[in-house]
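Residue numbers (our numbering), protein chains in the order written: chain A, 150 to 533; chain B, 8 to 380. Below: the structure, in structure tokens.
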């Protein structure tokens, strides 16, 4: 098994109504990624792995093709992977086996999302993800089902909204230090609690924004990495895990699929005591409670995340810093690109280039994303 | 690196219109047959790689709906957006890298439930420059066929000879569009997209296929196993930017073959058969030409390698993104000696060449051989 490194990263601003087309966003993210590798020419990249969430967002059938020319992939192998919201980190997983298998020495991983195309709001298109026979006739939307899950989580662990709201306060504050963030800001718990109730118990500030944006990473084999950089970050553990599509048949208290994916990725990376060994955590946080819910799964202890939050351990200077980037709540949530942004954050943190966001002495980090019908967990573990 | 084997396969055979089962039930049947064929249960498999496209299935995030049918709950999962041979490509890398030892790969499509497929396919064209023209996207295939004939100097009747060969072969295995025909029958058809006539264009078929791939050190190797020596993918221009194409050529085939030779250090010559997803008759010729085979001779039953012994898409139908899976399984059956009336004598090595979609300039190539080769 060959070792795989991340040797460069680049991204666009995450914005609502970003005045760029999808190809333009991809091109800019790729350019910044290659610039990050010392101006490496695309000619030295063996292939491209693309990811983007539903075709409906771009109104484009088979939209992986958008990336061919925009990412400079003409004449190179290119495929697209896609597991809903889990796509960004899944692309890290898929990128890993592209290189580890020996098929590629260098691989560009590109993620993008253009959520502002659907007018007036992307939520309408999310109604097309449900089972067409059993669920769609009920007219559900994502916020409804997340409200169910949040309620269950609060009930099971006897949590108050005030505590969960602190995730939004923390992540938006962290995002102030992210140069590409959409919703960095200083807000209070009261701001979250007093924001519009979307579906109880979800308030507007519990939710990440809809965003446009793109992210690119360059992966390399160990040999290529030695040739191209002095500061690689190693992608040492990868996994995905999917639960049943019938989400109504599951206990929503605990993301068991995230737990299984994390266990597999930790085993691969030689992580035996995650809370002690991992320095940077980037759990998927499209909603406030989801950061806690996912952290429970990553650590493997239901209900531990709210305790760590209450103790202040999830702050950047805490023992278990989560979403030092600002996460989806602060940086923004262009679905597939948001997950890859989290992997990029690990790269910047572990290579010591995260600027004001830097977690001191970070050696090992984990990024996780989640998606499909509340059923898939995708996890990568990186090491300095 | 360890060898990757195909250890099981299962199909819900192609049919013009499946009226009893819905797409997930078809997928279940194919997977169940694959597990039986491999003498495995879903517990033996560590992951699922599915293929498909949202708009073909009328559901966003279509991968959510596949693994349950394939025993994939709480296992590794990945969807590859495109043709099923691209999913095979990903599964191959997963096993080669050591990430997984045993994985099941899916291809499924039910075009009979799509009311407006041409409109869906038009959605893959560039929204600024091409889509507003309101073209039937199959016009692109007509232009491509015309360019190929001009470039090769072959007469247009060669298209009918390909159709005759594939449709007659399909008749031998009871495929949905198989019939006994002669060149004059096809030539008498109306033009659909000149120079393509009615039976130069594959009609739709509903189909599901599943294969189980494994590392050789994770399974008991039998002579029914087939080695997947290499699979590669290449894209030269994308569907939306078809003005970038080298019209009348499938240069991605040559590019993928070059990668197979250079990366895997294997020769691609000496294959006994080639299964191709020829959604249009000229595509088989175009691909043959890139493989270095005299395109005009592929219509000849006695040519080696033999092209599309299964009857290809013209005989079995266009199963959209599952077409690559049908072609792949047809090749595996040949190498196992289980292809029934269309079995080629002494079939040891085979190629599968599958396009990303009917009108794209991207595709994948797989090289297969018997385990004892």
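All C-beta atoms, glycine included, are put in the ideal place defined by N, C-alpha and C. Model, not experiment: these values are computed from the prediction.
Amino acids of chain A, ordered along the chain, whose beta-carbon sits closer than 9 angstroms to that of residue i
| i | result |
| --- | --- |
| residue 77 of chain B | The premise fails here: residue 77 of chain B is roughly 11 angstroms from chain A at the closest Cβ pair, so nothing lies under 9 angstroms. |
| residue 291 of chain B | Within chain A, no residue comes near residue 291 of chain B; the closest Cβ sits about 22 angstroms away, beyond 9 angstroms. |
Residue i in three-state terms, based on DSSP
| i | result |
| --- | --- |
| residue 81 of chain B | coil |
| residue 317 of chain B | coil |
| residue 390 of chain A | strand |
| residue 57 of chain B | strand |
| residue 192 of chain A | helix |
| residue 263 of chain A | strand |
| residue 534 of chain A | In the structure displayed, chain A extends from 150 to 533; residue 534 of chain A sits before or after that span and is not available. |
| residue 234 of chain B | strand |
| residue 471 of chain A | strand |
| residue 128 of chain B | helix |
| residue 362 of chain B | strand |
| residue 449 of chain A | coil |
| residue 488 of chain A | helix |
| residue 430 of chain A | strand |
| residue 67 of chain B | coil |
| residue 370 of chain A | strand |
| residue 150 of chain A | coil |
| residue 301 of chain B | coil |
| residue 376 of chain A | helix |
| residue 92 of chain B | helix |
| residue 383 of chain A | strand |
| residue 325 of chain B | strand |
| residue 164 of chain A | strand |
Local Cβ density within 10 Å of residue i, reported as buried at 16 or more and exposed below that
| i | result |
| --- | --- |
| residue 281 of chain A | exposed |
| residue 183 of chain B | buried |
| residue 135 of chain B | exposed |
| residue 348 of chain B | exposed |
| residue 21 of chain B | buried |
| residue 69 of chain B | buried |
| residue 160 of chain B | exposed |
| residue 460 of chain A | exposed |
| residue 155 of chain A | buried |
| residue 298 of chain A | buried |
| residue 435 of chain A | buried |
| residue 176 of chain A | buried |
| residue 103 of chain B | buried |
Neighbouring residues, chain A, relative to residue i (Cβ below 8 angstroms)
| i | result |
| --- | --- |
| residue 115 of chain B | Those within 8 angstroms of residue 115 of chain B in chain A number zero; the least Cβ separation is about 15 angstroms. |
| residue 80 of chain B | 391, 392 and 393 |
| residue 96 of chain B | 228 |
| residue 60 of chain B | 204, 210 and 211 |
Neighbour list for residue i in chain B, Cβ cutoff strictly below 8 angstroms
| i | result |
| --- | --- |
| residue 388 of chain A | 83 |
| residue 309 of chain A | By Cβ distance, chain B contributes nothing, its closest Cβ being about 32 angstroms from residue 309 of chain A, past 8 angstroms. |
| residue 225 of chain A | 241 and 242 |
Residue span of the beta strand (DSSP E) that contains residue i, given as start and end
| i | result |
| --- | --- |
| residue 160 of chain A | 153-160 |
| residue 518 of chain A | 513-520 |
| residue 526 of chain A | 525-532 |
| residue 377 of chain B | 368-377 |
Unbroken alpha helix (DSSP H) run spanning residue i, endpoints
| i | result |
| --- | --- |
| residue 19 of chain B | Per DSSP, residue 19 of chain B belongs to no alpha helix (DSSP H); it is in the beta strand (DSSP E), 11-22. |
| residue 334 of chain B | 330-343 |
| residue 172 of chain B | 164-179 |
| residue 269 of chain B | 258-271 |
| residue 147 of chain B | 145-159 |
| residue 115 of chain B | Per DSSP, residue 115 of chain B belongs to no alpha helix (DSSP H); it is in the beta strand (DSSP E), 109-116. |
| residue 142 of chain B | Unbroken run through residue 142 of chain B: none, as it is neither H nor E. |
| residue 318 of chain A | 310-324 |
| residue 385 of chain B | This structure gives no information on residue 385 of chain B, because the portion of chain B shown stretches from 8 to 380. |
| residue 283 of chain B | Not the alpha helix (DSSP H): residue 283 of chain B falls in the beta strand (DSSP E), residues 280-283. |
| residue 416 of chain A | 405-418 |
| residue 463 of chain A | It is not in any alpha helix (DSSP H) - residue 463 of chain A carries neither H nor E in the DSSP assignment. |
Residues that residue i contacts on chain B, provided the C-beta gap is smaller than 7 angstroms
| i | result |
| --- | --- |
| residue 150 of chain A | 104 and 105 |
| residue 507 of chain A | Chain B residues near residue 507 of chain A: none, gap ~31 angstroms exceeds 7 angstroms. |
| residue 521 of chain A | 68, 70 and 71 |
Residue i: CB within 6 angstroms of a non-hydrogen atom of the ligand NAP
| i | result |
| --- | --- |
| residue 295 of chain A | The ligand NAP is not part of this structure, which contains no ligands at all. |
Residues that residue i contacts on chain A, provided the C-beta gap is smaller than 7 angstroms
| i | result |
| --- | --- |
| residue 270 of chain B | 252 |
| residue 249 of chain B | Simply none; closest approach about 10 angstroms. |
| residue 93 of chain B | 228 |
Can you list, in chain order, the stretches of the beta strand (DSSP E) that have 3 or more residues and sit fully within the region 183-218 of chain B? 198-200
If we require 3 or more residues per run, which beta strand (DSSP E) segments fall completely within the region 171-256 of chain A? 196-200 and 227-230
Can you give, in chain order, each stretch of the alpha helix (DSSP H) that sits fully within the region 332-356 of chain A and has at least 4 residues? 338-343
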